[in-house]
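Numbering (the numbering used here), first residue to last: 336 to 564.
The block underneath contains the structure these notes are about, expressed in structure tokens.
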Ligand SMILES: Nc1ncnc2c1ncn2[C@@H]1O[C@H](COP(=O)(O)OP(=O)(O)O)[C@@H](O)[C@H]1O
Ligand SMILES: [Mg+2]
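Shown next, in the form of structure tokens:
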């Protein structure tokens with residue numbers, strides 16, 4: 336579904352991604368793990384075309400998306416839940432969702448509200464009035480309104496209470512059950528081992544580990560240093 340091969344990305348003259356190679360298989364949840372500053376967010380931004388790669392290849396559903404503009408990449412079917420959520424504070428929940436909506440797909444307001452009953456209760460609230468958990472639900476709902484085949488989620492449960500984290504894990508399971516593939520950045524290794532199919536660890540701008548949940552689980556002691564757990 337998504338394939339990155341030896342991808343290099345820079346911020347100005349600062350070389351940040353030094354060869355990222357990873358695959359997301361159709362219908363699977365794949366994680367991108369690693370300590371802070373290792374390049375996880377930059378990898379997602381590179382896939383979206385927000386910080387374009389300078390070298391390597393990126394293919395989505397068999398087609399190169401290297402050099403494509405972010406709106407085009409989104410329209411091809413990649414949804415993005417950014418680390419900072421980026422909710423419009425002066426629009427309501429409904430308006431935030433409708434802004435993102437693309438026709439020709441099964442996701443609509445009703446389905447997002449079924450997935451997140453909490454958002455339905457807050458439908459007329461301003462973006463600025465939402466709690467951290469509600470903002471994250473809205474960011475996920477907004478990404479679903481773009482009718483994605485692949486969802487990129489950055490720090491999916493960062494800053495959320497254990498209860499809200501569980502809610503996000505539930506939703507990720509339901510989204511996967513819909514056949515949407517997911518590339519997930521998060522730090523809750525135990526939950527991710529249960530939830531996800533494959534895992535990558537990034538170290539200093541490179542993917543340095545790739546494996547199944549069983550592989551990750553078996554090597555956790557050895558990998559502690561690269562995961563900061
Ligand atoms: N806008 C930027 N300009 C310059 N350097 C940046 C910028 N954003 C991130 N970086 C640097 O790129 C590296 C990777 O950052 P990032 O992708 O955010 O890592 P992670 O998401 O794994 O914490 C870090 O060294 C960070 O300081
Ligand atoms: Mg990050």
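Just so it is clear, CB atoms sit at the ideal spot from N, CA and C, and this is done for glycine as well.
Between the CA atoms of residue 478 and residue 435 - distance to the nearest angstrom: Distance between residue 435 and residue 478, taken at the CA atoms: about 7 Å.
Using a threshold of 7 Å, is the CB atom of residue 371 nearer than that to any non-hydrogen atom of ligand 1? Remark: the C-beta of residue 371 is in contact range of ligand 1, defined as less than 7 Å to any heavy atom.
Of the choices 369, 509, 424 and 541, whose alpha-carbon is the least far from that of residue 469? By alpha-carbon distance to residue 469, the top candidate from 369, 509, 424 and 541 is 424.
Where does residue 551 fall in DSSP's three states? Here residue 551 sits in helix by DSSP.
Tell me the DSSP secondary structure of residue 340 in three-state form. In the three-state scheme derived from DSSP, where H, G and I count as helix and E and B as strand, residue 340 is classed as strand.
Give me the residue from 429, 365 and 351 with the minimum Cα distance to residue 551. The shortest Cα separation from residue 551 among 429, 365 and 351 belongs to 365.
Taking all protein chains shown into account, decide if residue 540 is buried (16 or more other Cβ within 10 angstroms of its Cβ) or exposed. Label assigned to residue 540: buried.
Residue 376 Cβ short of 7 Å to ligand 2 heavy atom set: Yes, ligand 2 has a heavy atom inside 7 Å of this Cβ.
Is there a C-beta anywhere in chain D that falls below 8 Å from the one on residue 387? Protein chains in the displayed structure number just one, and chain D is not present.
Count the other CB atoms, across all protein chains shown, that sit within 10 Å of the CB of residue 340; report buried if there are 16 or more and exposed otherwise. So residue 340 ends up on the exposed side.
Check whether the stretch 413-431 and the stretch 480-491 are in contact - that is, three or more C-beta pairs closer than 8 Å. Three or more Cβ pairs drawn from the stretch 413-431 and the stretch 480-491 lie within less than 8 Å of each other, which places the two stretches in contact.
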